[in-house]
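Residue numbers (the working numbering), protein chains in the order written: chain A, 1 to 169; chain B, 1 to 131.
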Amino acid sequence: MLLPHDPRARFELDFVVNGGAATAVYRFVRDFYQRRLQDRDATARVAMAVYELLENSIKYAADGESRVRMEVTPADAKPEALLVSIRTTNRAAPTDVESLQKLFAEMEQADDRDAFYQKLLHRGATSTEGSGLGLGRIWTEGQMDVKHEVDEPWVTIEARLEVTPEVSE
Amino acid sequence: MSGLRVQPISTSELQTGASVDGTKMNVSLEGTADLEAVDPLKKLLPELHEEAVRLGVDEVRLDLRKLEFMNSSCFKAFVTWLHQVKALDKEEQYRLSFLSSSTQRWQARSLYALQNFARELVTIESGGESE
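Here's what the structure looks like:
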């Protein structure tokens with residue numbers, strides 16, 4: 001049972017994603033977690049990540065359907081900290097899976113997040129194709145860990161952030 | 001929109017305004033720059049760039065204080081805009097000054113990245129609380 005001020009929470013959404021839904025979920029996440037995390041900066045980062053992951057689903061879901069799962073649980077190593085996890089799962093076309101894997105390979109090899117992000121910005125400035133900015137944004141602006149799993153045709157992307165809630169007086 | 005040949009955006013989520021005052025162009029974005037705003041912004045920002053060059057402005061001031069969120073696709077449109085300004089001859093270049101909201105926390109991080117992309121062209125001012 002969750003106490004009124006217990007920050008732990010979990011919810012799942014399983015729906016056909018569209019732009020309006022992504023914005024609605026963004027606002028819900030921002031408002032819901034602001035009360036639980038008591039950290040406006042972390043909340044903004046989490047809400048941004050949810051939006052970007054949902055928008056990726058809209059763009060790349062082969063059948064338009066996406067699943068979103070969000071959890072806030074105690075962090076294993078630090079009892080006072082919370083782990084926020086956002087997972088999206090959708091079917092993706094083989095070419096999109098390949099592009100995603102290339103992007104993650106680049107991220108894994110990058111020494112510096114900011115420099116990598118600038119590389120994505122320069123690439124995006126002259127490209128009409130997808131530039132990976134959404135995932136790059138989660139990784140750099142959001143300072144979140146981002147992972148992916150592929151079980152073709154299913155792709156799951158997870159963004160995680162450890163937060164230490166501020167204690168309200 | 002006096003004197004400007006641009007089509008403002010007025011969707012359910014995003015409204016824009018633009019005007020010219022001497023050598024300054026003032027642009028405002030209010031609402032949410034989400035998926036619905038991507039195509040209109042990809043049309044508007046190049047128009048603003050063309051007008052800035054045509055009118056010889058030295059600064060475009062962008063008021064984002066009432067911009068609740070901007071997705072990465074809209075953000076990319078601003079990156080492209082800056083790329084176009086960087087590509088101009090020095091005497092044609094103009095600055096982009098962003099007036100940001102301290103309560104919209106995403107703005108500090110995103111605008112910092114834009115500033116790093118074009119340090120000589122971008123300034124950021126904190127406009128305090130958004131209404």
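We put the beta carbon where it would ideally sit given N, CA and C, even for glycine. Here the structure is a predicted model, which means the values were calculated and not measured.
{"query": "C-alpha gap between Glu51/B and Ala49/A, whole angstroms", "result": "34 Å"}
{"query": "Where Gln118/A meets chain B, residues with beta-carbon distance less than 9 Å", "result": "Ala113, Asn116 and Phe117"}
{"query": "Three-state secondary structure (DSSP) of Arg65/B", "result": "strand"}
{"query": "Whether Gly130/A touches Leu120/A by CB criterion (8 Å)", "result": "no"}
{"query": "Leu133/A to Ala113/B span [Cα, whole Å]", "result": "12 Å"}
{"query": "The alpha helix (DSSP H) enclosing Leu41/B, as first and last residue numbers", "result": "Val38 to Leu55"}
{"query": "Span of the beta strand (DSSP E), counted from its first residue to its last, around Gly31/B", "result": "Lys24 to Ala33"}
{"query": "Pairwise C-alpha distance: Asp34/B and Ala118/B", "result": "24 Å"}
{"query": "Through-space distance from Ala9/A to Leu2/A, alpha-carbon basis", "result": "No answer about Leu2/A holds up, because its pLDDT of 45 lies below 50 and its placement is not dependable."}
{"query": "Pick from Val60/B, Gln104/B, Glu91/B and Asn26/B that is closest to Val122/B, judged by C-alpha positions", "result": "Val60/B"}
{"query": "Proximity of Asn90/A and Ser127/A at Cβ, strictly below 8 Å", "result": "no"}
{"query": "Burial state of Ala44/A, where buried means 16 or more other Cβ atoms lie within 10 Å", "result": "buried"}
{"query": "Where the alpha helix (DSSP H) containing Pro94/A begins and where it ends", "result": "Pro94 to Gln109"}
{"query": "Exposed unless 16 or more other CB atoms sit within 10 angstroms - verdict on Arg36/A", "result": "buried"}
{"query": "Partners in chain B for Tyr51/A, counting only beta-carbon separations shorter than 8 Å", "result": "Asp34, Phe69 and Asn71"}
{"query": "Proximal residues of chain A, C-beta to C-beta of His49/B below 8 Å", "result": "Here the premise fails: no neighbours, minimum Cβ distance about 13 Å."}
{"query": "Between the CA atoms of Arg160/A and Asp39/B - distance to the nearest angstrom", "result": "30 Å"}
{"query": "Assigned secondary structure, Glu55/A (DSSP; H/G/I helix, E/B strand, else coil)", "result": "helix"}
{"query": "Short-range partners of chain A found in the segment 80-99 of chain B, where Cβ spacing is below 8 Å", "result": "Thr80, Leu82 and His83"}
{"query": "is_contact[Arg54/B, chain A] using C-beta, thresh 8 Å", "result": "no"}
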